[in-house]
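One structure is given below, encoded as structure tokens.
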Amino acid sequence: MSAPAPSPLAIVDAAPLPRQEEVLTEPALAFVAALHRRFTPRRDELLARRAERRAEIARTCTLDFLPETAAIRADDSWRVAPAPEALNDRRVEITGPTDRKMTVNALNSGARVWLADFEDASAPTWENVVTGQLSLIDAYNRTIDFTDPASGKSYALRPDEELATVVVRPRGWHLDERHLTDPDGTPVPGALVDFGLYFFHNAVRLTERGKGPYFYLPKTESHLEARLWNEVFVLAQEYLGIPRGTVRATVLIETITAAYEMEEILYELREHASGLNAGRWDYLFSLVKNFRDGGPRFVLPDRNAVTMTAPFMRAYTELLVRTCHRRGAHAIGGMAAFIPSRRDPEVNKVAFEKVRADKDREAGDGFDGSWVAHPDLVPIAMESFDRVLGDRPHQKDRLREDVDVRAGDLIAVDTLDARPTYAGLVNAVQVGIRYIEAWLRGLGAVAIFDLMEDAATAEISRSQIWQWINADVVLDNGERVTAELAREIAARELADIRAELGEEAFAAGNWQQAHDLLLKVSLDEEYADFLTLPAYEQLKG
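Its first residue numbered 446, the sequence shown is counted upward by one per residue in the numbering used here.
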């Protein structure tokens, strides 16, 4: 192990937390400081490059595969490293934040993988950041059993061989951790905090148990950002003296620019790569963000009308499967976000049929696994993949050479036979306000209208409001989308919430604050790159 960093990080504006000394040890912070010193300057350059690329898209209203990396795409010889045994069968993965209850339930869920989420399903309060790390440490030590004081229900881990494999999702490159700064007062990127603390405390013990530190990489926009992650992995493994290649990373292809660089992303991470994932809401959010001034042909309809069977979404998912299998990587499908109702069996029946059809399609298309948001959906998704895979751990032998996706296919939004509706605008406002209010209370994964919503769905909601106003969209009822119409709907929703909750509960929440923030990021002339940036300024803790 390298010598501790000479410049320790400072914990600022954070109340002490129980057991924080078990996570924020001097050696762990020295390791995070080493990552920060080495990689934050390059991170900053890449964020600036994002802005430059977005300006180019605004000028040209198009995207294409990169000519400068054509040789990588044309070279049939290279493959990613073989999957470790713990990540060879990924047919069902469950996602969720790292609170203690979710940690036990996800590990016990029967899914092969748990995406332990410090990103979109977790509001980054300091308490969530630190106690989330404690949950994972305690899970590996098998000391996480607990009884919920509210319900009296006890939670305990099943035997190790029955537990899901943990894959941690750190925050994206764009988010800083304001509570951890260097001597100059510069905050450490949240990605390096989440990665660094988890890696430092768990990498060696996982290696000794025949597993390893595995990660999901969010919000990646280019192969250069993947290259930076690869450099982080190399330094981290050298620092702790574990074999190079022990880390494995699955990259979420959830930005439109990354969809044009899938092979290059795998190539940059090839000794650490284990697959790509096809996201949905963040991908649509990225489409709106990048082509927001591209005119009517880039206007998305209601978010729930944009399914994975839309032509441009199908092009994206089929290209992902072909790319992954050509390079020996896992292709992981999208999220089933339905939350089963304990009171309405009919709602469950209809939703389960939709989930089953979605997972049947993914397995039939060649995906090696898929995501669910609730333990009750694990058996449904498992059945779909069991039917196709049988005893095989994956279907990488399905090379999908029949797939031929051209650059224009990925941005052919106007091939979708659906238009914005008044109900869709109302839903965007409702989800936006209700999600942001919960996020400001420290909750990142929130059940709203029988769906598990996270920051990605809030992003697409506010982005569609912004896009429809600025594209002068006329809805199905003949109304034109204007800032005033959005304000009217938001005011009515706020009044409905007040009536639904009662004055006392309403006053105890962050409803007016959430309403105001949604309107700000939806109506401001200057489009905010990420909702979570201004929201983080208002997040307490």
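A virtual CB, placed ideally from N, CA and C, is assigned to each residue, including glycine. All values reported here derive from a predicted model rather than from experimental measurement.
{"query": "Taking residue 562 as part of the beta strand (DSSP E), name the residues at either end of that continuous run.", "result": "558 to 562"}
{"query": "Is the beta carbon of residue 890 closer than 8 Å to that of residue 897?", "result": "yes"}
{"query": "Can you check the segment 594 to 675 for any beta strand (DSSP E) of at least 3 residues that lies completely inside it and give the ranges in chain order?", "result": "610 to 614, 621 to 626, 632 to 634 and 659 to 662"}
{"query": "Which stretch, first to last residue, makes up the beta strand (DSSP E) that contains residue 780?", "result": "775 to 781"}
{"query": "Where do the ends of the beta strand (DSSP E) carrying residue 694 lie?", "result": "693 to 698"}
{"query": "Just tell me which of 822, 518 and 787 has its CA closest to the CA of residue 799.", "result": "822"}
{"query": "I'd like the ranges of any beta strand (DSSP E) spanning at least 3 consecutive residues and lying wholly in the segment 783 to 849.", "result": "814 to 817"}
{"query": "Is the distance from the Cβ of residue 818 to the Cβ of residue 778 below 8 Å?", "result": "no"}
{"query": "Should residue 631 be labelled buried (16 or more other beta-carbon atoms within 10 Å of its own) or exposed?", "result": "exposed"}
{"query": "Does the Cβ-Cβ distance between residue 870 and residue 911 come in under 8 Å?", "result": "no"}
{"query": "Report the rounded CA-to-CA distance for residue 809 versus residue 829, giving the unit in angstroms.", "result": "9 Å"}
{"query": "Short of 7 Å in beta carbon distance, which residues of its chain neighbour residue 907, apart from the five on each side in sequence? Order them along the chain.", "result": "877, 963, 966, 967 and 976"}
{"query": "Does DSSP put residue 962 in a helix, a strand or coil?", "result": "helix"}
{"query": "What runs of the alpha helix (DSSP H), each 4 residues or longer, lie entirely inside the segment 895 to 919?", "result": "900 to 915"}
{"query": "Have a look at residue 519 and residue 656 and give me their C-alpha separation to the nearest angstrom.", "result": "33 Å"}
{"query": "Please confirm whether residue 525 and residue 642 have their CB atoms less than 8 Å apart.", "result": "no"}
{"query": "Considering only the alpha carbon of each residue, which of 696, 695 and 678 lies closest to residue 689?", "result": "678"}
{"query": "When you compare the segment 612 to 624 with the segment 568 to 578, are there three or more beta-carbon pairs, one atom per stretch, that lie closer than 8 Å?", "result": "yes"}
{"query": "Span of the beta strand (DSSP E) holding residue 542?", "result": "537 to 542"}
{"query": "Is residue 891 helix, strand or coil by DSSP?", "result": "strand"}
{"query": "Can you tell me which of 613, 588, 612 and 595 puts its alpha carbon nearest to the alpha carbon of residue 604?", "result": "588"}
{"query": "When the Cα atoms are used, what is the spatial distance from residue 943 to residue 924?", "result": "27 Å"}
{"query": "Indicate the three-state DSSP secondary structure (helix, strand or coil) for residue 510 in the structure shown.", "result": "coil"}
{"query": "Any idea if residue 851 is buried or exposed, counting beta-carbon neighbours within 10 angstroms, 16 or more meaning buried?", "result": "exposed"}
{"query": "Do residue 772 and residue 706 come within 8 Å of each other at the CB atom, strictly closer than that value?", "result": "no"}
{"query": "Short of 6 Å in beta carbon distance, which residues of its chain neighbour residue 748, apart from the five on each side in sequence? Order them along the chain.", "result": "905"}
{"query": "What do you get for residue 447, buried or exposed, if any count of 16 or more other CB atoms within 10 angstroms of its CB means buried?", "result": "Legend: pLDDT at residue 447 = 49, less than 50; position of this residue unreliable, no value from coordinates given."}
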